[in-house]
Amino acid sequence: MIFDHIMVRFGELSTKGKNKKDFIRVLARNIKNALDEYKDLSFDVRYDHIYVKLNNTDPKPVIETLQDVSGIHSLSLVIKTDTDIENLKKVALEMVEAEEGKTFKVKTKRADKSYPIISDEINRIIATEILKNTSLKVDVHNPDILVSIEIRDEGAYIFTHTYPACGGYPLGVGGKVMHMLSGGIDSPVAAYLLMKRGIKIECIHFASPPYTNIGVIEKLKDLLSVLNKYQDSIRLTIIPFTKLQEKIYEVSDESYVITLMRRMMYRLASALMKKRGCLAISSGESVGQVASQTLDSLSVINDVTNAVVLRPLVTSDKEEIIKLSRKIGAYEISIRPYEDCCTIFSPKNPKTKPSLNKCLEYENKFDYQTMINEALANAEVIYVKKDEDKLL
Ligand code: ATP
Ligand code: MG
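Just so we're aligned: the sequence shown equals residues 966 to 1357 in this note's numbering.
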């Protein structure tokens, strides 16, 4: 059976009019980008579907690539034919004959309302043809083979297999966020969930050499390579955080170290977010997971910025997060041992209910703004791209 097209169905289309046009335009661009290496493919972008014409390309890797493009709801391998009923009978019969199973059902969608035969009648004609030429039986509830026919202005599409894809929105329609990427399990998963909603990411990482080793950068690059599946090129800014951390340790009580560190992280992320034209900050925080993520802590930490902060994992438990991490292929990288700036400086009794006034008191003891500016000025930028690591 020579399938000639892949039918691409869109994700959540509550969007209409101009928004739908933008959705399709961005999705078409992302699809073409993702399939760049397959030179023989061509594309037919329409209002209800996008069709990828195979021109003899092996469909398997193409489908696998498309399953990871956000904004695609599902895919079908189809044969496009003339809408002539004799033609439909012939192609549908050939298609079921190539399938395994004992029962079948025909389901027709007549999007072209000018087509002279109504859907039920088409179902009946095709089913009769199949019954006459094969030993298959009809089962309308749970058929082994579902023959789907879509009649559209430009032709008919016939298929028996539909593959799920990742859904969500096309990457880029939702703006860009400054994502706080640690080397742990949570933040890459949070990034994936944002990208699935059509949001592009840029990452910021706080590094504390010599307390954290240089290996962490390799780890981050590997994590971003996994995320390159969803976004071709990801910008990562590495902020030297050691001096700020040491200063915080010097001026504050140990139990406040984490809260103060995280306030500094949010100040830095806020500044970089504005500079880079991002619309929000995002992180892998989840309520109650650790001391710094109680609602009391989050509110004191969040007090340093008026930026929108997106926390996609806010109510997820660790089990769910790990499951997603495995699914996207990040888990094995995330669990590689490394020293995070937070684990190194981890106090024995971190505050779960820090006081905002206390934080302000400690912060008044040093000129953190100058140190923030200095850290930003000394930041290093890396772009992690699909199939290559580029140091700029
Ligand atoms: P993760 O598994 O993502 O490391 P975690 O459960 O270890 O998260 P924390 O270390 O408290 O939790 O960090 C919470 C969030 O803060 C992280 O998900 C990440 O978004 C951000 N974060 C923590 N440390 C760093 C860092 N060194 N650089 C950038 N972001 C960080
Ligand atoms: Mg962490």
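Quick reminder that beta carbons are idealized off the backbone N, C-alpha and C, glycines included.
*Is it the case that the CB of P1153 approaches a heavy atom of the ligand ATP more closely than 8 Å?*
yes
*asked:* According to DSSP, simplified to helix, strand and coil, what is Y1128?
replied: strand
*What is the C-beta distance between Y1157 and I996, in whole angstroms, given that I count them as a contact (C-beta under 8 Å)?*
About 19 Å; that fails the 8 Å criterion.
_Just checking H1038 against the ligand ATP - is the residue's beta carbon closer than 8 Å to any of the ligand's heavy atoms?_
no
*Identify whether T1202 lies in helix, strand or coil by the three-state DSSP scheme.*
Three-state result, T1202: strand.
*Whole angstroms is fine: what's the gap from G1242's alpha carbon to K1165's?*
12 Å
*Starting from M1145, follow its DSSP beta bridges and name the residues at the other end.*
I1169
*asked:* When you measure from the CB of A1172 to every non-hydrogen atom of the ligand ATP, does any distance come out below 8 Å?
replied: yes
*Output the distance between the C-alpha atoms of K1350 and L1188, rounded to the nearest integer angstrom.*
12 Å
_Just checking S1235 against the ligand ATP - is the residue's beta carbon closer than 8 Å to any of the ligand's heavy atoms?_
no
*Proximity of I1169 and L1201 at Cβ, strictly below 9 Å*: Against a cut-off of 9 Å, the Cβ pair of L1201 and I1169 comes out as a contact.
*Relative to the ligand ATP, is the shortest distance from any of its heavy atoms to the C-beta of L1146 smaller than 8 Å?*
yes
_CB-CB length for N1088 against L1058, believed under 8 Å_ = Taking C-beta atoms under 8 Å as the contact rule, N1088 and L1058 fail to qualify, at a distance of about 14 Å.
*asked:* Using a Cβ distance threshold of 8 Å, determine whether the segment 1268-1286 contacts the segment 1241-1260, with at least three qualifying pairs required.
replied: yes
*Applying the criterion that 16 or more other CB atoms from any shown protein chain within 10 Å of the CB defines a buried residue, is L1260 buried or exposed?*
exposed
*May I ask you to check if the CB of Q1210 is nearer than 8 Å to at least one heavy atom of the ligand ATP?*
no
*Can you list, in chain order, the stretches of the beta strand (DSSP E) that have 3 or more residues and sit fully within the segment 977-1052?*
1007-1010, 1014-1018, 1037-1046
*asked:* Helix, strand or coil for T1068? Go by DSSP, reduced to three states.
replied: strand
_I need the straight-line Cα distance from N1267 to S1235, nearest angstrom please._
11 Å
*Which first and last residues belong to the alpha helix (DSSP H) in which S1264 is found?*
1260-1267
*Could you give the DSSP three-state label for A1234: helix, strand or coil?*
If DSSP states are grouped into helix, strand and coil, A1234 belongs with the helices.
*Determine the extent of the beta strand (DSSP E) in which A1340 is found, giving its start and end residues.*
Careful: A1340 lies outside any beta strand (DSSP E), inside the alpha helix (DSSP H) at 1333-1342.
_Supposed contact pair I1223 and P1312 - C-beta distance, whole angstroms, cut 8 Å_ = 6 Å
_Is it buried or exposed, Q1196, if we count other Cβ atoms within 10 angstroms and call 16 or more buried?_
Counting C-beta atoms within 10 angstroms of its own C-beta, Q1196 has 16 or more neighbours from the protein chains shown and is therefore classed as buried.
*asked:* Nearer than 8 Å: is that true of the beta carbon of R943 relative to any heavy atom of the ligand ATP?
replied: Past the edges of the chain, shown from 966 to 1357, lies residue 943, and the structure says nothing about it.
_Whole-angstrom C-beta distance between N1338 and P1205, which should lie under 8 Å_ = The pair is not a contact, with the Cβ atoms about 12 Å apart (cut-off 8 Å).
*So what does DSSP say about R1075, is it helix, strand or coil?*
strand
*Relative to the C-alpha of S1257, which residue among S1173, Y1231, E1062 is closest?*
Y1231
*Identity of the residue in G1120, K1102, L1096 nearest K1078 by Cα*: Per the Cα distances, G1120.
*Kindly indicate which residue of K1184, G1140, R1301, Y1016 has the alpha-carbon position closest to the one of G1163.*
G1140
*From the DSSP output, in three-state form, read off M972 for me.*
strand
*Collapsed DSSP secondary structure at E1284 in the structure displayed*: The answer is helix: DSSP assigns E1284 an H, G or I state.
*In the structure shown, what three-state DSSP assignment does S1299 receive?*
helix
*Between the segment 1099-1110 and the segment 1053-1067, do at least 3 Cβ pairs fall closer than 8 Å?*
yes
*Determine, using beta carbons only, whether I1028 and Y1128 come nearer to each other than 9 Å.*
yes
*asked:* Among D987, K1018, K1055, V1279, whose alpha-carbon lies nearest the alpha-carbon of I1091?
replied: K1055
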